[in-house]
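J.:
2 protein chains.
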Amino acid sequence: MELTFDQIADVTLAVYGKLVAALDPTRIVIGVSNRHVHLAAADLMTLFGLDEFTVYRQVRQPGEFAAEQRVNVHGPKASFRDVRCMGPCRAKTQVELSLTDCRALGLTAPITQSGHLDEATAVEIEGPMGTIRRPAAMVAARHIHMGPSHAEVLQLRDQDLVKVGFDGARGGVLDNFIVRIKPLWVPEIHLDVDEANALGVQQGDVGQLMRSRS
Amino acid sequence: MELTFDQIADVTLAVYGKLVAALDPTRIVIGVSNRHVHLAAADLMTLFGLDEFTVYRQVRQPGEFAAEQRVNVHGPKASFRDVRCMGPCRAKTQVELSLTDCRALGLTAPITQSGHLDEATAVEIEGPMGTIRRPAAMVAARHIHMGPSHAEVLQLRDQDLVKVGFDGARGGVLDNFIVRIKPLWVPEIHLDVDEANALGVQQGDVGQLMRSRS
Chain A
1 MELTFDQIAD VTLAVYGKLV AALDPTRIVI GVSNRHVHLA AADLMTLFGL DEFTVYRQVR
61 QPGEFAAEQR VNVHGPKASF RDVRCMGPCR AKTQVELSLT DCRALGLTAP ITQSGHLDEA
121 TAVEIEGPMG TIRRPAAMVA ARHIHMGPSH AEVLQLRDQD LVKVGFDGAR GGVLDNFIVR
181 IKPLWVPEIH LDVDEANALG VQQGDVGQLM RSRS
Chain B
215 MELTFDQIAD VTLAVYGKLV AALDPTRIVI GVSNRHVHLA AADLMTLFGL DEFTVYRQVR
275 QPGEFAAEQR VNVHGPKASF RDVRCMGPCR AKTQVELSLT DCRALGLTAP ITQSGHLDEA
335 TAVEIEGPMG TIRRPAAMVA ARHIHMGPSH AEVLQLRDQD LVKVGFDGAR GGVLDNFIVR
395 IKPLWVPEIH LDVDEANALG VQQGDVGQLM RSRS
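So this is what it looks like as structure tokens:
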């Protein structure tokens with residue numbers, strides 16, 4: 001079995017994140033999310049004629065994966081081609097964008113939590129077998145995944161808001177990360193590409209969880 | 215004389231920034247810089263056959279302006295068309311990009327202070343009358359402009375590093391803004407588009423200068 005560079009990098013980063021967290025549970029590994037699409041099962045069928053996604057690569061959270069399937073996303077001003085879908089299917093179709101992406105597409109979208117799509121913006125999603133239009137475009141609010149045991153050590157509850165500090169020449173402290181807790185989730189700070197570039201951090205770097213500016 | 219929306223917005227923002235600063239000199243108006251190009255006089259001649267830029271619109275710092283002239287910037291992977299030049303001419307040609315821009319162009323560029331181009335990355339710049347290749351691509355380090363009297367009130371010196379706080383759902387505190395002081399400069403916090411999107415701030419919003427995380 002040959003391992004790709006990406007696979008080796010994933011394992012290395014996962015081990016690094018675990019080691020750091022074991023030493024200090026407030027130090028949490030960073031995951032950077034590029035624009036991507038979650039599809040409801042019915043929409044996957046419409047766009048691809050498939051019941052299930054096929055796995056392209058695993059991501060850090062157990063059971064979640066980048067899918068082989070990619071779609072074109074059309075906004076009023078421009079389109080993004082070959083946007084990666086993430087599996088498995090969700091209850092609602094969701095197009096996660098950065099604010100830079102929104103500007104490029106020519107739309108505005110709310111900054112909101114995953115799955116909270118009441119205010120999401122209508123956007124066209126094109127697959128090889130069809131095109132749909134859904135109120136799906138949103139910018140993911142900053143959040144941190146973790147499991148219940150990690151949360152207990154930090155005395156955090158689901159939906160708590162925390163700050164995170166980032167080191168380096170572009171360092172700083174960002175407010176209002178939503179703590180999200182589920183069984184099996186591993187600790188991970190989620191940033192979009194705008195945030196990662198603004199703070200000068202990359203996938204696999206570590207952030208410092210803090211409750212307040214101190 | 216008819217005023218454009220942009221002109222009215224400029225005046226409004228300038229007045230707003232001055233009023234805020236008059237009330238509290240640590241509250242400073244934000245300017246967001248999209249990618250742009252400064253040209254040395256010889257390069258302006260090569261690209262446009264001109265001795266001087268023509269003014270498209272004034273910007274907040276006296277004497278500085280967005281020029282009518284625009285260029286295409288070519289990287290290894292992609293190009294940006296119609297990138298705005300800023301006048302007047304500089305000693306060295308400089309292409310100011312965000313990290314997102316760098317990724318799109320397929321190049322890496324140093325995060326550095328304007329004019330400090332020893333490590334800048336070679337890039338091709340195309341105008342209507344010619345094309346040049348210059349070690350000009352850089353990402354502008356965060357900085358704050360101000361005049362000597364404002365700096366004196368804040369007890370700051372040129373090249374001091376300060377932190378700036380930003381309000382809102384995407385708020386936070388960014389480290390390492392370089393204080394830059396020149397006669398006639400008005401107080402202005404400069405962010406690139408990645409930083410502005412990450413912090414959820416726009417041109418004309420106000421940031422809170424702070425010396426340290428407190």
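Top to bottom, those sequences are chains A and B. In terms of my numbering, the first sequence opens at residue 1 and continues consecutively. In terms of my numbering, the second sequence opens at residue 215 and continues consecutively. Where is the CB? At the ideal position from N, CA and C, for every residue including glycine.
#1: Alpha carbon to alpha carbon, how far is residue 259 (chain B) from residue 250 (chain B)? Give it in angstroms, no decimals.
#2: How many Å lie between residue 345 (chain B) and residue 2 (chain A) at the Cα?
#3: Interface residues of chain B around residue 120 (chain A) at Cβ under 9 Å?
#4: On the CB-based measure, 16 or more other CB atoms within 10 Å of its CB, does residue 43 (chain A) come out buried or exposed?
#5: With three or more C-beta pairs closer than 8 Å as the rule, is the segment 99-112 of chain A touching the segment 73-89 of chain A?
#6: Name the chain B residues whose beta carbon is nearer than 8 Å to that of residue 170 (chain A)?
#7: Below 8 Å CB to CB, which residues in the same chain sit around residue 187 (chain A) once its five sequence neighbours on both sides are set aside?
#8: Cutting at 7 Å between CB atoms, please list the residues of its own chain near residue 313 (chain B), excluding the five before and the five after it.
#9: Within a Cβ cutoff of 6 Å, which residues of the same chain sit near residue 56 (chain A), ignoring the five residues on either side of it in sequence?
#10: Which one or two residues does DSSP pair with residue 284 (chain B) in a beta bridge?
#11: On the CB-based measure, 16 or more other CB atoms within 10 Å of its CB, does residue 406 (chain B) come out buried or exposed?
#12: Go ahead and label residue 366 (chain B) buried or exposed: buried means 16 or more other beta carbons lie within 10 angstroms of its beta carbon, across all protein chains shown.
#13: Alpha helix (DSSP H) containing residue 343 (chain B): first to last residue?
#14: Between the segment 26-38 of chain A and chain B, which residues of the former have CB atoms less than 9 Å from a CB of the latter, in chain order?
#15: Between which residues of its own chain and residue 176 (chain A) is the CB-CB distance below 7 Å, once the five residues before and five after are set aside?
#16: For residue 15 (chain A), count the other beta carbons within 10 Å of its own beta carbon; 16 or more makes it buried, fewer makes it exposed. Which is it?
#17: Residue 89 (chain A) and residue 70 (chain A) - do their beta-carbons sit closer together than 8 Å?
#18: Give me the chain B residues within the contact set of residue 100 (chain A), using Cβ-Cβ distance strictly less than 9 Å, ordered along the chain.
T.: The structure says:
#1: Here residue 250 (chain B) corresponds to residue number 36 of the second sequence, with the count starting at 1. Here residue 259 (chain B) corresponds to residue number 45 of the second sequence, with the count starting at 1. Each residue's alpha carbon lies about 18 Å from the other.
#2: For the purposes of this step, residue 345 (chain B) is taken as residue 131 along the second sequence, with counting starting at 1. For the purposes of this step, residue 2 (chain A) is taken as residue 2 along the first sequence, with counting starting at 1. Going from the Cα of residue 345 (chain B) to the Cα of residue 2 (chain A) covers about 45 Å.
#3: Sequence index remark: in the first sequence, residue 120 (chain A) carries index 120 (1-based). The premise fails here: residue 120 (chain A) is roughly 16 Å from chain B at the closest Cβ pair, so nothing lies under 9 Å.
#4: On the first sequence, residue 43 (chain A) is found 43 positions in, with the first residue counted as 1. Residue 43 (chain A) is buried by the Cβ-count criterion.
#5: yes
#6: Here the question's residue 170 (chain A) lines up with position 170 in the first sequence. Those within 8 Å of residue 170 (chain A) in chain B are 325, 356, 388, 389, 390.
#7: Reading the first sequence from its first residue, position 187 is the one you call residue 187 (chain A). The answer, listed in chain order, is 17, 21, 25, 28, 29, 144, 145, 146, 147, 150.
#8: On the second sequence, residue 313 (chain B) is found 99 positions in, with the first residue counted as 1. Within the same chain, residue 313 (chain B) has close Cβ partners 353, 408.
#9: Working through the first sequence from its first residue, we reach residue 56 (chain A) at position 56. Excluding residues within five positions, the ones whose Cβ falls inside 6 Å are 66, 67, 68.
#10: Within the second sequence, residue 284 (chain B) is the residue found at index 70, counting from 1. B:298, per the DSSP bridge assignment.
#11: For the purposes of this step, residue 406 (chain B) is identified with residue 192 of the second sequence, where counting begins at 1. By the 10 Å Cβ count, residue 406 (chain B) comes out buried.
#12: Taking the second sequence and counting its residues from 1, the one referred to as residue 366 (chain B) is at position 152. Residue 366 (chain B) should be labelled exposed.
#13: Here residue 343 (chain B) is taken as the residue at index 129 of the second sequence, counted from 1. Element bounds for residue 343 (chain B): n/a, residue is neither H nor E.
#14: none
#15: Position 176 of the first sequence holds residue 176 (chain A). For residue 176 (chain A), where only same-chain residues beyond five positions count, the Cβ hits under 7 Å are 142, 161.
#16: For the purposes of this step, residue 15 (chain A) is taken as residue 15 along the first sequence, with counting starting at 1. Exposed: under 16 other Cβ atoms inside 10 Å.
#17: For this step, residue 70 (chain A) is matched to residue 70 along the first sequence. For this step, residue 89 (chain A) is matched to residue 89 along the first sequence. No.
#18: Within the first sequence, the letter at position 100 stands for residue 100 (chain A). Here the neighbours are 312, 314, 407, 408, 411.
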